[in-house]
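In the numbering used here, the protein residues as written are 183 to 430.
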């Protein structure tokens, strides 16, 4: 009996959210589950999928998880036949409030103060983005290249180099929270896709798959409708099957 194909996905909220909001992991419209169905159809093998994902996960958070979360490292990624990396989009978002503020917010006391500061941050952020002329990105390019490169190498290294490794390029947005603009999107996408390929992974541009249905994004202006998930899932399956060893 052929063993299941073990697939590990490391991602952000785009792996579990559609145009109506966050969904349970087995929701059939989410792109990881669309990918699984395609892989099973194409390979004739059962697929065992594990998704590690957190809202707004960036390259730094992925790096910390891949070096500190021993379950993710040795129970999920280490034995995987396929690793799919789907982080980086948040790193390229227009910069408004400094990211350090986001890390301090959950620790503010009392609760009333924390809620008041959080409301203020959410209110000010789009105005600061516009005031800056949308020039800066959340993670400076040089910092992103170093962090993301380490993530790519660490994930592959945990599999001892034997897994098929594919990575999604960044998406874009129509979010008021990010000033409703994303003028540095194309250059950020090019840098990330080049990094993916330079580290020996297969790169998957995804915004070109999502943009045709961008008018049906979640009301937050970020998360994808079912049609986008339905386009991304098979594209990831294409990349995975193209990298699998040929059966003897």
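Ideal Cβ placement from N, Cα and C applies to all residues, glycine included.
As the structure is a computational prediction, the values presented were derived from the model and not from experiment.
(Q) Can you tell me which residues form a DSSP beta bridge with residue 230? (A) 188
Q: Say whether chain D places a C-beta atom closer than 7 angstroms to the C-beta of residue 211.
A: Any reference to chain D falls outside this structure, which holds one protein chain only.
(Q) Distance check for residue 266 and residue 396, CA to CA, integer angstroms please. (A) 23 angstroms
Q: Rounded to whole angstroms, what's the CA-CA distance from residue 184 to residue 248? Just pull it up for me.
A: 29 angstroms
**Q.** Selection from 334, 400, 390 that minimises the alpha carbon distance to residue 198
**A.** 400
Q) With which residues is residue 376 paired in a DSSP beta bridge? A) Beta-bridge pairing links residue 376 to no other residue.
(Q) Which residues does DSSP list as the beta-bridge partners of residue 415? (A) DSSP output for residue 415 lists no bridge partner at all.
Q: Return helix, strand or coil for residue 225, following the three-state DSSP convention.
A: helix
Q | Close beta carbons around residue 373, own chain, < 8 angstroms, minus the five adjacent residues each side | A | 323, 326, 327
Q. Which of the three DSSP states, helix, strand or coil, is assigned to residue 350?
A. strand
Q. Between the segment 254-263 and the segment 214-227, do at least 3 Cβ pairs fall closer than 8 angstroms?
A. no
Q | CA-to-CA distance, residue 213 to residue 351, given in whole angstroms | A | 14 angstroms
Q: Keeping to the same chain, check which residues put their C-beta closer than 7 angstroms to that of residue 269; ignore five residues upstream and five downstream.
A: 192, 193, 194, 239, 240, 241, 244
(Q) Using 8 angstroms for Cβ pairs, my map puts residue 319 next to residue 370. What's the rounded Cβ distance? (A) 7 angstroms
Q.
By the DSSP assignment, the alpha helix (DSSP H) with residue 333 in it spans what residues?
A. 323-340
Q. Per DSSP, what kind of secondary structure is residue 249 in: helix, strand or coil?
A. helix
Q.
For the beta strand (DSSP E) containing residue 437, name the first residue and the last one.
A. No statement about residue 437 is possible, as the shown extent of the chain runs from 183 to 430 and does not include it.
(Q) So, for residue 414: in the same chain, excluding its five sequence neighbours on each side, which residues have a beta-carbon less than 6 angstroms away from its beta-carbon? (A) 213, 388, 391
Q. Quick one: Cα of residue 407 to Cα of residue 201, how far?
A. 4 angstroms
Q) Would you report the Cα separation of residue 421 and residue 298, rounded to the nearest angstrom? A) 46 angstroms
Q) Going by DSSP, what residues sit across from residue 207 in a beta bridge? A) Answer is none; residue 207 lacks a bridge partner.
Q: Between the Cα of residue 383 and those of 394, 336, 366, spot the shortest distance and give me the residue it belongs to.
A: 336
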